[in-house]
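Residue numbers (my numbering), protein chains in the order written: chain A, 1 to 126; chain B, 127 to 252.
Inspection log for the structure reproduced underneath, given as structure tokens.
Protein chains: 2
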Amino acid sequence: MFDKIDPRSPTPLYEQIAGRIRVAIAAGELEGGHNLSSVRQLASTLRVNPATVVQAYRELEREGFVELRHGAGTFVRGVSEQRKKSERVRGAAQLVRGLLAEAARLGVNGEDLRTALDHELGRKVP
Amino acid sequence: MFDKIDPRSPTPLYEQIAGRIRVAIAAGELEGGHNLSSVRQLASTLRVNPATVVQAYRELEREGFVELRHGAGTFVRGVSEQRKKSERVRGAAQLVRGLLAEAARLGVNGEDLRTALDHELGRKVP
DNA sequence: CCAAGTGTATCGTTGTACTAATACAGTAAG
DNA sequence: CTTACTGTATTAGTACAACGATACACTTGG
């Protein structure tokens, strides 16, 4: 899962790490109860400091994707399909609000955004 | 135009300044050729360092909204309605691509985004 | 119980964004 | 020309995020 991680990328290491795991969970590749690599183990694999892995795990914990158990390990949280969907909707709403704020800042209206989104989505799934 | 500017806001001062002017231009309140306040003048008005105003003007220049003329002043660029629209479309597309990248990072799919966008827009313009 | 594993907490170094200070260079009206 | 205005460039200080180093505390299998 972690063949390529780029230390020179503008996106922080811990974000890259969290990102991989996040999508793996969201895609169902990692099921609830799965025991993730330990902090030191993953850090060693990635040639990264353990604290950086911890930061990634903490972010995933705040988002409700994993659970850190002191002395035991880090485990993927089991979430129902129902919950998964509502979480996706909540996440989407938050993203869209950010988008609208940014758009207002640039003088771009909502209709332009809808058109652009349809255009981008249409390209991917025609 | 600059009654309230917040030094304690998380958004940088120069972004706040650029934002006001940007929307004013996009909304047509400032027409092409209009001479903006000088760097020092605006800085004095806002109780801010001139270099901060310069940074705002530079950002607007990169985006093609204004033109800085050494020794003369800073002027609003005249842009045709056609160009304005295409610029808006370009800006919207860029924003949406960023949104999609962020969404992928979080495991949110495009359909969820479209639903969320429609929802948010529907609330504002029912 | 205890040893080897796990996460936790704290601190220091580094890099970068933001803001300011100050000296420089072009323009144009008188 | 001169002067009073414009933008330009360089530098410094501050704040904060990212990353790493190291010592601590909990859990579990033997």
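All C-beta atoms in this analysis are idealised placements derived from N, C-alpha and C, irrespective of residue type, glycine included.
(Q) Would Val-202 of chain B and His-245 of chain B be called neighbours here (beta carbons separated by less than 8 Å)? (A) Numbered from its first residue, the second sequence carries residue 202 of chain B at position 76. Numbered from its first residue, the second sequence carries residue 245 of chain B at position 119. No.
Q) At least one CB of chain A closer than 8 Å to the CB of Leu-225 of chain B: is that the case? A) For the purposes of this step, residue 225 of chain B is taken as the residue at position 99 of the second sequence. Output row for Leu-225 of chain B: interface = yes.
Q | Within 8 Å of chain A by C-beta, residues of the segment 157-185 of chain B in sequence order | A | Listed by position, the residues of the segment 157-185 of chain B near chain A (Cβ gap below 8 Å) amount to none.
Q: Per DSSP, which residues does Asn-161 of chain B bridge with? Please list them.
A: As a position in the second sequence, residue 161 of chain B is number 35, starting the count at 1. Note: Asn-161 of chain B sits in a beta bridge opposite B:Phe-201.
Q) Which partner residues does Arg-184 of chain B have in the DSSP bridge list? A) By 1-based counting over the second sequence, the position of residue 184 of chain B is 58. Answer is none; Arg-184 of chain B lacks a bridge partner.
Q. According to DSSP, is Val-192 of chain B helix, strand or coil?
A. Position 66 of the second sequence, counting from 1, holds the residue named residue 192 of chain B. In this structure, Val-192 of chain B counts as strand in the three-state DSSP scheme.
Q: Would you give the residue range spanned by the alpha helix (DSSP H) that Arg-173 of chain B belongs to?
A: Reading the second sequence from its first residue, position 47 is the one you call residue 173 of chain B. Where Arg-173 of chain B is concerned, there is no enclosing alpha helix (DSSP H), given that its DSSP letter is neither H nor E.
Q) Taking Leu-168 of chain B as the reference, which of B:Gln-220, B:Ile-143, B:Gly-158 has the closest Cα? A) One-based indexing of the second sequence puts residue 168 of chain B at position 42. With distances taken between Cα atoms, Leu-168 of chain B lies closest to B:Ile-143.
Q. Since Glu-231 of chain B is in the alpha helix (DSSP H), which residue starts that stretch and which ends it?
A. What you label residue 231 of chain B is simply residue 105 of the second sequence in a count that begins at 1. Correcting the residue type first, residue 231 of chain B is Arg in the shown sequence and not Glu. Note, Arg-231 of chain B: alpha helix (DSSP H), 207-232.
Q. Where does Ile-143 of chain B sit, in a helix, a strand or coil, going by DSSP?
A. Here residue 143 of chain B refers to the residue found at position 17 of the second sequence. Helix at Ile-143 of chain B.
Q) If you drop the 5 nearest sequence neighbours on each side, which residues of the same chain put their C-beta closer than 6 Å to that of Val-125 of chain A? A) Here residue 125 of chain A refers to the residue found at position 125 when the first sequence is read from its first residue. Residue confidence is low: Val-125 of chain A scores 43 on pLDDT, short of 50, so the model does not pin down where it sits. Its coordinate-derived value is still stated next. Answer for Val-125 of chain A: no residue qualifies.
Q. Distance, Cα to Cα, Leu-113 of chain A vs Ala-219 of chain B?
A. Along the first sequence, read from residue 1 onward, the residue named residue 113 of chain A stands at position 113. Along the second sequence, read from residue 1 onward, the residue named residue 219 of chain B stands at position 93. Going by the C-alpha atoms only, they are around 7 Å apart.
(Q) So that I know if they touch, is there some Cβ in chain B lying closer than 8 Å to that of Gly-110 of chain A? (A) Residue 110 of chain A sits at position 110 when you count from the first residue of the first sequence. The beta carbon of Gly-110 of chain A sits closer than 8 Å to some beta carbon of chain B.
Q) If we ignore side chains and look at the alpha-carbon of each, how far apart do Arg-148 of chain B and Glu-157 of chain B end up? A) Position 22 of the second sequence holds residue 148 of chain B. Position 31 of the second sequence holds residue 157 of chain B. Their Cα atoms are separated by approximately 12 Å.
Q.
Within 8 Å of any Cβ in chain A, is that where the Cβ of Val-202 of chain B sits?
A. Counted from its first residue, the second sequence places residue 202 of chain B at position 76. Taking Cβ atoms only, chain A never reaches closer than 8 Å to Val-202 of chain B, which makes this a no.
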